[in-house]
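First up is the structure itself, then whatever we jot down about it.
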Amino acid sequence: MSVSSKNNYKLKNKSQEISYSLDKESFHIDNKQSASSKSFDENFNIALANTNTNYSGNYEDNLIFDITGNKYVYKLDVNSLLDGKVEFAGHDYGSFDVYINGQKVADDVSNFDKVYPYGTEYEFKDLKGTVGHHYSGVGTYGPHWKETPLKGKLGIDAMYYKTDDSPYLLVTPCYFKFDTNKLTINYHADGAQTWYHFDGVTHDVSGKDIAASETHLFGSYYDKKSGLGDVSRLTKRGIPQNLTHGLSGKTELKKL
5 MSVSSKNNYK LKNKSQEISY SLDKESFHID NKQSASSKSF DENFNIALAN TNTNYSGNYE
65 DNLIFDITGN KYVYKLDVNS LLDGKVEFAG HDYGSFDVYI NGQKVADDVS NFDKVYPYGT
125 EYEFKDLKGT VGHHYSGVGT YGPHWKETPL KGKLGIDAMY YKTDDSPYLL VTPCYFKFDT
185 NKLTINYHAD GAQTWYHFDG VTHDVSGKDI AASETHLFGS YYDKKSGLGD VSRLTKRGIP
245 QNLTHGLSGK TELKKL
């Protein structure tokens, strides 16, 4: 709200005038956390330019109050994390549904970015990973941010922050965590005594059920030399070396 003077900050009585000033020419009321009207009282202090003169009679001026209102809006901004790495755009490893005020507005999406008024009810449902991935909960972009609940009201239940785009645009960020499924491969010794691994070291596996294990992410590539192991690396006394069976005899790249 801004304040101006009809007489240019002069109190007038016919041809006589007294210059004065106010202690402020504007003030601001912030009501971003309520959809209701807000009452307020504001005091103005007046100071005369010349206090050494005696005045008599009625001196008047009119103050004009210009009220400018700006409505806060809230952007519901949904992003994701895959194996701990943030993804700000759409992706193919997970999806969710979005409900606004009880109505579904987005189905099986991986990204969402819409603006709504204060108090809008939102809810996320059917959060799931695609083949080879799984949904693992709500996350955050940093330790100083709070997790956004799956259901709530904008401006009330979820955190928000100001942006540089507009002083009246507040963003509620959501981060959904997805993780890639893992495959563990166990190499059973089957009575072998030694295991020659990729590290160039021969390991004693006498009496062990599992000689070695490997864990790979879904979709990761492997090949004959740097991927899955080969049973020829197991040595079993009394078995000719030429009787071996490879687990990764293909030379081209394959996906798990």
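According to our numbering, the sequence shown is numbered sequentially starting from 5. By construction, the Cβ of each residue, glycine as well, lies at the ideal position given by its N, Cα and C atoms.
Span of the beta strand (DSSP E), counted from its first residue to its last, around residue i
| i | result |
| --- | --- |
| Gln-20 | 20-26 |
| His-207 | 206-208 |
| His-138 | 137-143 |
| Tyr-122 | Careful: Tyr-122 lies outside any beta strand (DSSP E) and carries neither H nor E. |
| Ser-6 | 6-9 |
| Thr-198 | 198-200 |
| Ser-84 | 77-86 |
| Lys-212 | Counting along the chain, Lys-212 falls outside any beta strand (DSSP E), and DSSP gives it neither H nor E. |
Short Cβ contact (8 Å threshold) for residue i with residue j
| i | j | result |
| --- | --- | --- |
| Asp-213 | Ala-196 | no |
| Val-77 | Leu-221 | no |
| Phe-48 | Lys-28 | yes |
| Phe-180 | Val-135 | no |
| Thr-198 | Thr-206 | yes |
| Asp-81 | Pro-177 | yes |
Beta-ladder partner(s) of residue i, from DSSP
| i | result |
| --- | --- |
| Asp-101 | Lys-129 |
| His-32 | None, per the DSSP bridge assignment. |
| Leu-158 | Paired residues: none, contrary to the question. |
| Thr-219 | Thr-188 |
| Asn-17 | Gln-20 |
| Pro-177 | Asp-81 |
Contact belief for residue i with residue j at Cβ below 8 Å, rounded distance in angstroms
| i | j | result |
| --- | --- | --- |
| Asp-65 | Asn-11 | 5 Å |
| Ser-84 | Phe-182 | 6 Å |
| Ser-99 | Val-113 | 6 Å |
| Ser-19 | Ile-68 | Between Ile-68 and Ser-19 the Cβ distance is about 23 Å, and since that is not below 8 Å, they are no contact. |
Minimum Cβ-Cβ distance from residue i to chain D less than 8 Å
| i | result |
| --- | --- |
| Lys-118 | Among the protein chains of the structure shown there is no chain D, as only one such chain exists. |
Residue i Cβ short of 7 Å to the ligand SAM heavy atom set
| i | result |
| --- | --- |
| Lys-10 | This structure simply doesn't include the ligand SAM, nor any ligand for that matter. |
Is the number of C-beta pairs between the segment 149-156 and the segment 121-130 that are closer than 8 Å three or more?
yes
Touching or not, the segment 52-67 and the segment 14-24, by the rule of three or more beta carbon pairs under 8 Å?
yes
Under 8 Å: do the segment 145-153 and the segment 107-125 share three or more Cβ pairs, one atom per stretch?
no
If we count Cβ pairs, one from each stretch, closer than 8 Å, do we get three or more for the segment 60-73 versus the segment 86-94?
no
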